[in-house]
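The structure appears right after this line, and notes come after that.
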Ligand SMILES: Nc1ncnc2c1ncn2[C@@H]1O[C@H](COP(=O)(O)OP(=O)(O)O)[C@@H](O)[C@H]1O
Ligand SMILES: Nc1ncnc2c1ncn2[C@@H]1O[C@H](COP(=O)(O)OP(=O)(O)O)[C@@H](O)[C@H]1O
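Protein chains in written order, with our numbering: chain A, 11 to 121; chain Y, 11 to 121; chain S, 988 to 1143; chain E, 988 to 1143.
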């Protein structure tokens, strides 16, 4: 139920997530995010089409964030959908993650 | 769960239905359609935002169609959503009702 | 709709009619029109989960909705305090839907579609069900239940 | 989460814990991650049907999903063949959600949120539930069941 599209733009790995990131689909999201972070390019996650994200999806984002910190890679989110933002706020992560309101902003700042 | 908006345009009563027309909501749709037909103006039903219609909703359309015939009023549908069209086809009514692919077409021909 | 072939139904050790296949989900509602959208929501998701195409999902939702409507209007005669159980199971490459009520047993010979030649409101539900499903018939209900309409659709 | 106050639970004549309120819908799934979206679909529709705002619907869906996830991962330890029953009832201006499983009784003293100060993956479910619901606690399960998590949300 989730779709992860990875594309390269200006040397940045843009991961576009769409659909529900839940207990079923979050392991795949986790793998994709950790792969991208592991490749040591900046990673920007487009969350505009995330219709739902649960605590396991948030855990995948936290893992990727921590892995990026270790390898000093940029890991950021862009245009987070309302419903995903609610969950990030509940997790008090809206102040921890780098969150850009637009993809353009993210691309300018992630490189 | 259904919304019926009636507006007057070029002497035609345009009824915009949106949402699910089902056993719960079809009595209201029926009342609105019969009222409009009773006012003896041509009636054009915009079905572009009908997300679901069941046999009771179809029955309301049939009643309005028959009432319009009796009073020699025009009763037509416009831009029928895919899911509503499937149900009209199942009922073999796609060849009985006047169906316009666009609202503009309907307005030109209903007057 | 084919009449119930009671003698061929499988039964568990208690004499209870056994529902075939691997259960995906079961939903229980009261016999109220406003509950139908709860059924449509879960049935649509279940069909999608099984890999049905958009058109297949649409037809399944139509058939299950119409079947539940008939239970509300005919089996329970419009009484809102009856129960309806919709049990969804996977049977190989098909999905089976059991619509179970606790009303008096229905005279299944009266459950049939009308001719569509005649233009009149109503009388479309059974026709929709037979068009949208691959098979549909009344079968032995579980103990304590009144009726069970069993419908199957090939996943496509 | 408050610990179960077993002594205050109402019981029916058979000693069975009685669920309060007027039932809106009940859904039964297996303890599989892919079934969660069936639960979200019906819970979202039910909350909307009761007149909840979009934000209220969203919070309800989050809490019920997390509660079911915990049953899958902890109560059933990841076994996919357990059953989960989600019973949704109206209690005046509130909606009550009972998440019932048939696993071994849980040590409710271990069910608690962690501090959010520490940045680490996991450990958010209980916190989400308490933030999204007005009340949530384990209460006496019905006969034959293992656990019942009862959660309520004021309709707004
Ligand atoms: N679940 C049911 N219980 C009892 N009678 C039923 C049931 N479903 C259908 N019927 C009978 O079959 C007839 C045809 O049903 P249907 O095609 O859905 O049209 P309608 O319900 O509009 O009459 C009904 O009028 C009713 O007599
Ligand atoms: N339904 C349950 N059955 C048994 N234990 C549970 C249940 N729900 C929660 N717990 C316990 O409470 C802890 C906290 O749960 P939670 O906040 O959802 O985070 P997580 O599940 O990621 O650990 C769990 O680790 C588990 O020990």
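C-beta atoms are modelled at their ideal positions from N, C-alpha and C, and glycine is treated no differently.
In the DSSP assignment, find the beta strand (DSSP E) that holds residue 74(Y) and state where it starts and stops. No beta strand (DSSP E) contains residue 74(Y), which is instead part of the alpha helix (DSSP H) from 65–80.
To be precise: take each residue of the region 1000–1023 of chain S, compare its Cβ to all Cβ atoms of chain E, and keep it if any distance is under 8 Å. Which residues remain? The residues in question are 1010, 1011, 1012, 1013, 1014, 1015, 1016, 1017, 1021, 1022.
For residue 1053(S), would you say it is in contact with chain Y, using Cβ-to-Cβ distances shorter than 8 Å as the test? For residue 1053(S), the answer is yes, since a Cβ of chain Y falls inside 8 Å of its Cβ.
So for residue 107(A), helix, strand or coil by DSSP? The three-state secondary structure of residue 107(A), taken from DSSP, is coil.
Anything in the region 87–104 of chain A with a Cβ closer than 7 Å to a Cβ of chain E? List those residues in chain order, please. Against chain E - using a Cβ distance shorter than 7 Å - the residues of the region 87–104 of chain A are 93, 96, 97, 100, 101, 102.
Output needed in chain order: residues of the region 1025–1046 of chain S with a Cβ under 9 Å from some Cβ in chain E. Within the region 1025–1046 of chain S, the residues whose Cβ lies closer than 9 Å to any Cβ of chain E are, in chain order, 1025, 1026, 1027, 1028, 1029, 1031, 1032, 1033, 1035, 1036.
Return no unless some Cβ of chain Y is closer than 8 Å to the Cβ of residue 992(S). With a pLDDT of only 42 at residue 992(S), under the threshold of 50, the placement of this residue in the model should not be trusted; the figure read from the coordinates follows. With 8 Å as the cut-off, residue 992(S) does not count as an interface residue toward chain Y.
Would you verify that the beta carbon of residue 27(A) is, or is not, closer than 8 Å to some beta carbon of chain E? Contact of residue 27(A) with chain E is not assigned, every C-beta pair being separated by 8 Å or more.
Could you check if residue 1047(S) belongs to the surroundings of ligand 1, using beta carbon to heavy atom distance under 7 Å? Not one heavy atom of ligand 1 is found less than 7 Å from the C-beta of residue 1047(S).
Is the beta carbon of residue 31(Y) sitting closer than 8 Å to the one on residue 39(Y)? Going by C-beta atoms, residue 31(Y) is nearer than 8 Å to residue 39(Y).
To which residues of the same chain is residue 114(Y) closer than 7 Å at the C-beta, ignoring the five residues directly before and after it? The answer is none, since no qualifying residue turns up.
Cβ shell of residue 53(Y) (< 6 Å), same chain only, five flanking positions each side left out: When the five nearest sequence neighbours on each side are left out, the beta carbons in the same chain lying within less than 6 Å of the beta carbon of residue 53(Y) are those of 23, 46, 47, 85, in order along the chain.
Quick check on residue 1046(S): does DSSP put it in helix, strand or coil? Reduced to three states, the DSSP call for residue 1046(S) is helix.
Any heavy atom of ligand 1 within a distance shorter than 7 Å of the CB on residue 1053(S)? Flag set: Cβ of residue 1053(S) near ligand 1.
Just tell me which of 56(A), 33(A), 41(A), 103(A) has its CA closest to the CA of residue 1067(E). That would be 33(A), whose Cα lies nearest to the Cα of residue 1067(E).
Is the shortest distance between the beta-carbon of residue 1145(E) and the beta-carbons of chain A less than 8 Å? Only positions 988 to 1143 of chain E appear in this structure, which leaves residue 1145(E) out of reach.
Taking residue 58(A) as the reference, which of 105(A), 119(A), 15(A) has the closest Cα? Checked all of 105(A), 119(A), 15(A); the closest Cα to residue 58(A) is 15(A).
Chain A contact residues for residue 1103(E), given Cβ-Cβ distances below 8 Å: From the beta-carbon of residue 1103(E), the residues of chain A found nearer than 8 Å are 101, 102.
C-beta neighbour in chain A for residue 1049(E), strict 8 Å: For residue 1049(E), the answer is yes, since a Cβ of chain A falls inside 8 Å of its Cβ.
Closer than 8 Å to chain A by CB, residue 1143(E): So no, residue 1143(E) is outside the interface.
At a threshold of 7 Å, does residue 112(A) count as lining ligand 1 (C-beta to nearest heavy atom)? No, ligand 1 has no heavy atom inside 7 Å of this Cβ.
Which of the three DSSP states, helix, strand or coil, is assigned to residue 1024(S)? The answer is helix: DSSP assigns residue 1024(S) an H, G or I state.
List the residues of chain E that residue 73(A) touches, going by C-beta distances under 8 Å, in chain order. One finds 1108 in chain E with Cβ atoms closer than 8 Å to the Cβ of residue 73(A), taken in chain order.
I need the boundaries of the beta strand (DSSP E) containing residue 28(Y), first residue and last residue. Run containing residue 28(Y): 22–31, per the beta strand (DSSP E) assignment.
Verify the CB distance criterion: does residue 1112(E) have a CB-CB separation below 8 Å to chain A? At least one CB atom of chain A sits nearer than 8 Å to the CB of residue 1112(E).
Could you name the residues of chain A that residue 1059(E) contacts, counting a contact when the two beta carbons are closer than 9 Å? Within chain A, the residues whose beta carbon sits less than 9 Å from that of residue 1059(E) are 33, listed in sequence order.
What residues are listed by DSSP as bridge partners for residue 54(Y)? In the DSSP output, where bridge partners are listed per residue, residue 54(Y) has 24(Y), 86(Y).
What number of angstroms, rounded off, separates the C-alpha of residue 1016(S) from the C-alpha of residue 1072(E)? Separation of residue 1016(S) and residue 1072(E) (C-alpha to C-alpha, rounded to the nearest whole angstrom) is 13 Å.
Residues of the region 52–76 of chain Y with Cβ closer than 9 Å to any Cβ of chain S, in chain order: Residues 62, 64, 65, 66, 68, 69, 70, 71, 72, 73, 75, 76.
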